[in-house]
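K.L.:
One structure, pasted below without further comment.
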Amino acid sequence: MSTESAPMISGIPELRTALEPEARAWLDAAVDRVLADPTAIGALFPAVRRRCGRARLDDHWTIDEAARAVLLTALPLHKPVLVETVGALHRHGDPAEQRAVLRTLPLIDDEGRFLFLVRETLRGNDTTLIEAALGPYAARYLPDDEYRQAVLKCVFYEIPLERVAGLDERADAELGRMLADFARERIAAGRAVPEDITPVSRAFAPADDRPAALDGVS
């Protein structure tokens, strides 16, 4: 199967129309190579940006990220070697390659086998990687306490909470309390409170347990 016969993969924005003919041909051939020999992805993955470009496709994906996702979905998804192969691509990749891996996780795994990559990313401080890590995969598989800490880290690093997948479903009273405590500390230090924490705090933190300033934020 090549990208010619499968022009769109669920979860990846339409890519082919954004590619120049030469780039489309290269990606088609690259997918066929990975299907025939999964180890070929090691050399092809870093070449994607140079061969396909890096323009933005939509609010979440760039062309190179989507093209790399297409290559990742060509791997044998149910074989043990997948974890080793994808882990190596992430470990040896530059930030753009790592973002592509993180964004593609929900498309290649439904068992939580790659939580170690999410956790590793969340220990760092690259905001673009943290945002990429907190997509649908993390929303599905991160334990509650780790998910709450990840949300708090986003607030601390000023990553908009609208970029965090699953927040409406996973927000709870404990997260509301944590955000209220964060707001209280910011107010005490004379610093601004991010407006996007207000809905969660209002929904879950009791009125007598959250800073009054939060209730004044629309």
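Residues 12 to 229, numbered by the working numbering, are exactly what the sequence shown covers, in order.
For glycine and all other residues, C-beta sits at the position ideal for the given N, C-alpha and C.
Is it buried or exposed for Pro205, if we count other Cβ within 10 angstroms and need 16 for buried?
P.N.:
buried
K.L.:
Rounded to whole angstroms, how far is the Cβ of Leu86 from the Cβ of Ile52, which I believe are closer than 8 Å?
P.N.:
7 Å
K.L.:
If distances are taken between C-alpha atoms only, which option among Ile170, Ala29 and Phe125 comes closest to Tyr148?
P.N.:
Selected option, being the one with the closest Cα: Phe125.
K.L.:
Pull up the distance between the alpha-carbon of Asp192 and that of Asn136, whole angstroms please.
P.N.:
22 Å
K.L.:
Taking the C-alpha atoms as reference points, what is the distance between Pro91 and Ala200?
P.N.:
50 Å
K.L.:
Just to confirm the assignment, what range does the alpha helix (DSSP H) spanning Glu131 have?
P.N.:
Leu126 to Leu133
K.L.:
Using a threshold of 9 Å, state whether the C-beta atoms of Gln109 and Ala143 are closer than that.
P.N.:
yes
K.L.:
Val175: which of Asp183, Arg188, Tyr158 and Gly187 sits nearest, CA to CA?
P.N.:
Tyr158
K.L.:
Go ahead and pull the three-state DSSP assignment for Arg65.
P.N.:
coil
K.L.:
Buried or exposed: where does Leu88 fall if 16 or more other Cβ atoms within 10 Å of its Cβ makes it buried?
P.N.:
exposed
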